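>
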Amino acid sequence: MNTTAHIPVLVNEVIAGLNLKPSDNVIDATLGGGGHAEAILEATALNGKLLGIDWDSKAVKRAQERLAKYKNRLILKTGNYRNVKEIIYESGFNEVSAVLLDLGLSTDQLADKSRGFSFSSEGPLDMRFSDQEGLTAAAVVNTWSEKDLAHIFRKYGEERHASRIAHLIVALRQRAPFNSALELADVVLRGAGRRGGKKRISARGGSAFGRHPATRVFQALRITINRELENLEAALPEMVDILASQGRLAIISFHSLEDRIVKQFFKREAIGCLCPPELPECRCRHQARLRLINKKVITPTEDEIRRNPAARSAKLRIAEKI
190 MNTTAHIPVL VNEVIAGLNL KPSDNVIDAT LGGGGHAEAI LEATALNGKL
240 LGIDWDSKAV KRAQERLAKY KNRLILKTGN YRNVKEIIYE SGFNEVSAVL
290 LDLGLSTDQL ADKSRGFSFS SEGPLDMRFS DQEGLTAAAV VNTWSEKDLA
340 HIFRKYGEER HASRIAHLIV ALRQRAPFNS ALELADVVLR GAGRRGGKKR
390 ISARGGSAFG RHPATRVFQA LRITINRELE NLEAALPEMV DILASQGRLA
440 IISFHSLEDR IVKQFFKREA IGCLCPPELP ECRCRHQARL RLINKKVITP
490 TEDEIRRNPA ARSAKLRIAE KI
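In our numbering, each residue's number is its place in the sequence shown (first place is 1) plus 189.
#1: Tell me where the beta strand (DSSP E) around V288 begins and ends.
#2: Considering only residues of the same chain and omitting the five flanking positions on each side of I450, which have a CB-CB separation below 7 Å?
#3: May I ask you to verify whether the segment 274-288 touches the segment 212-226, counting CB pairs closer than 8 Å and requiring at least 3?
#4: Ordered along the chain, which non-local residues of its own chain (more than five positions away) have a Cβ less than 8 Å from that of H225?
#5: What's the gap between the Cα of N269 and the Cα of P469?
#6: Which of the three DSSP states is assigned to G382 in this structure?
#7: Quick one: complete alpha helix (DSSP H) runs, 4+ long, within the segment 239-267?
#8: Is the beta carbon of G323 closer than 8 Å to that of I414?
#9: Counting along the chain, where does the beta strand (DSSP E) carrying Q408 start and finish?
#10: Which residues in the same chain have their Cβ closer than 7 Å to the Cβ of E347, if we skip the five residues on either side of it in sequence?
#11: Could you tell me the distance, in whole angstroms, from the CA atom of L378 to the CA atom of N208?
#12: Given K388, which residues of its chain have a CB within under 8 Å of its CB, disregarding the five upstream and five downstream residues?
#13: Flag this pair as yes or no: are the beta carbons of G222 and R262 separated by less than 8 Å?
#14: Starting from the C-beta of A374, find all residues in its chain whose C-beta is less than 6 Å away, skip the five residues before and the five after it, and write them out in chain order.
#15: Tell me whether S246 is buried or exposed, calling it buried when 16 or more other Cβ atoms sit within 10 Å of its Cβ.
#16: I think I441 touches L479, with their Cβ atoms under 8 Å apart; what is that distance to the nearest whole Å?
#17: Does the Cβ-Cβ distance between I482 and E509 come in under 8 Å?
#18: If I'm right that S369 touches S310 with Cβ under 8 Å, what's the distance once you round it to whole angstroms?
#19: Find the nearest neighbour of G380 within the set W244, G281, V359, R364, judged by alpha-carbon distance.
#20: If you run the structure through DSSP and keep just helix, strand and coil, what is P498?
#21: Between which two residues does the beta strand (DSSP E) holding V203 run?
#22: So, at 8 Å on beta carbons, what are the nonlocal neighbours of L220 in its own chain, with the 5 sequence-adjacent residues on each side left out?
#23: Taking Cβ positions, are E493 and A499 nearer each other than 8 Å?
#24: Tell whether a beta-carbon distance below 8 Å holds between E447 and V429.
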């Protein structure tokens, strides 16, 4: 298997923010290309251990090759991070000092034409993080109603042309089903009123308009298929539960929907009473479980964005368990 081409985002900020010590046990719950995991293993040498989790079995295999020299301090598992408690129980992984969630797509997933994540891919419309289970993008695009398609494009993609794009997809699939990401991207261009824009779209997905016009629709499909927001909301309390006292949770998000969930969760868990202010006494009995490490979100430097354009929309938030 080819080695990973993925460059980890905000890696120095992650390592500094997690405040790692040589004996710390750390979970990288979104292993990806293994770049963050490698930096964590270096920071926790010689006795710290790392549990790496990824839903994508191909990512786990690539990371296994990259991290081979750390094999005595490394456990790798294929699975969904929302099942982290079950995974650590099966792995016998205890005393967790830090957890990392990097919610972005890896370069390897984008480059793999069989996955359908890239706008320029002639491969099948798949978009699943897991290569073993779940609904595909082709199934959604070719079978869902116009109303449902417009709903997810609007809700998860924040696409202002959602209704028009959904209408065009449903009309065109009557002639022939959509089979490739490239076909879908072309229709989104038309639905967004960019008929003449095709010549201005590069093979890598950039355009004279800045972001590729299909970005929002592809994001909406990916979120829907992989239940990304649902998984994140379910996993956050679990991540806090498994942390030892003074353990830290670092989360990198790449769009406003994810960041909003993380920000609101951290804010809620960093305060005590959640009762309305008009109540004379607390009835919720909620207790703060987190301390915010960075009250202002951490973003990449201009230098990092120049070196790695994929980092441009990354946002890092870190909290410590009380």
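Yeah, the Cβ is synthetic: ideal placement off N, Cα and C, and Gly gets one too.
Predicted, not measured: the structure shown is a model, and the values here were computed from it.
In short, the structure shows the following:
#1: Indexing the sequence shown from 1 puts residue 288 at position 99. Counting along the chain, V288 sits inside the beta strand (DSSP E) bounded by residues 285-291.
#2: Looking up residue 450 in the sequence shown gives position 261. The answer, listed in chain order, is L418, L421, E422.
#3: The segment 274-288 vs the segment 212-226: in contact.
#4: Mapped onto the sequence shown, residue 225 falls at position 36. P197, V200, V203, D217, L289, D291, listed in sequence order.
#5: For this step, residue 269 is matched to residue 80 along the sequence shown. For this step, residue 469 is matched to residue 280 along the sequence shown. Computed Cα separation, rounded: 43 Å.
#6: Locating residue 382 in the sequence shown gives position 193, counting from the first residue. Of the three classes helix, strand and coil, the one that applies to G382 here is coil, per DSSP.
#7: Complete alpha helix (DSSP H) runs here, min 4: 246-255.
#8: Start at 1 with the first residue of the sequence shown, and residue 414 comes out as number 225. Start at 1 with the first residue of the sequence shown, and residue 323 comes out as number 134. With contacts defined as CB atoms closer than 8 Å, I414 and G323 qualify as a contacting pair.
#9: On the sequence shown, residue 408 is found 219 positions in, with the first residue counted as 1. Premise fails: Q408 lies in the alpha helix (DSSP H), 404-415, not in any beta strand (DSSP E).
#10: The count along the sequence shown starts at 1 and reaches residue 347 at position 158. Spatial neighbours of E347 in its own chain (CB-CB distance under 7 Å, excluding positions within 5 residues in sequence) are listed in chain order as R405.
#11: Stepping through the sequence shown from its first residue, residue 378 is reached at position 189. Stepping through the sequence shown from its first residue, residue 208 is reached at position 19. About 45 Å.
#12: Numbered from 1 along the sequence shown, position 199 holds the residue referred to as residue 388. At K388 the pLDDT is 42, less than 50, meaning the model places this residue with poor confidence and gives no usable figure here.
#13: As a working mapping, residue 222 is identified with position 33 in the sequence shown. As a working mapping, residue 262 is identified with position 73 in the sequence shown. Judged by beta-carbon spacing, R262 lies beyond the 8 Å limit of G222, meaning their Cβ atoms are not closer than that value.
#14: In the sequence shown, the residue the question calls residue 374 occupies position 185. Hits under 6 Å: F308, A403.
#15: Sequence index remark: in the sequence shown, residue 246 carries index 57 (1-based). Exposed, because fewer than 16 other Cβ atoms sit within 10 Å of the Cβ of S246.
#16: As a first step, residue 441 is located in the sequence shown; it is residue number 252 there, counting from the start. As a first step, residue 479 is located in the sequence shown; it is residue number 290 there, counting from the start. Contact check for I441 and L479: beta-carbon distance about 17 Å, past the 8 Å limit, so the pair fails to qualify.
#17: The residue you call residue 482 lines up with position 293 of the sequence shown. The residue you call residue 509 lines up with position 320 of the sequence shown. Cβ atoms of I482 and E509: closer than 8 Å.
#18: Counting from one through the sequence shown, the residue named residue 369 turns up at place 180. Counting from one through the sequence shown, the residue named residue 310 turns up at place 121. Cβ-Cβ separation between S369 and S310: approximately 7 Å, consistent with a contact (criterion under 8 Å).
#19: Position 191 of the sequence shown holds residue 380. Here the closest residue by C-alpha is V359.
#20: Counting from 1 along the sequence shown, the entry for residue 498 is found at position 309. Residue state, collapsed to three classes: helix.
#21: Numbered from 1 along the sequence shown, position 14 holds the residue referred to as residue 203. Looking at the DSSP string, V203 is not in any beta strand (DSSP E); the run it does join, the alpha helix (DSSP H), is 200-207.
#22: Residue numbering aside, residue 220 sits at position 31 when the sequence shown is read from its first letter. Around L220, the same chain offers A226, G241, I242, D243, A248, V249, A252, L265 as residues with beta carbons nearer than 8 Å, after the five sequence neighbours per side are excluded.
#23: To locate residue 493, count along the sequence shown from 1; it is residue 304. To locate residue 499, count along the sequence shown from 1; it is residue 310. No.
#24: Stepping through the sequence shown from its first residue, residue 447 is reached at position 258. Stepping through the sequence shown from its first residue, residue 429 is reached at position 240. Cβ distance not < 8 Å, so E447 and V429 don't count as in contact.
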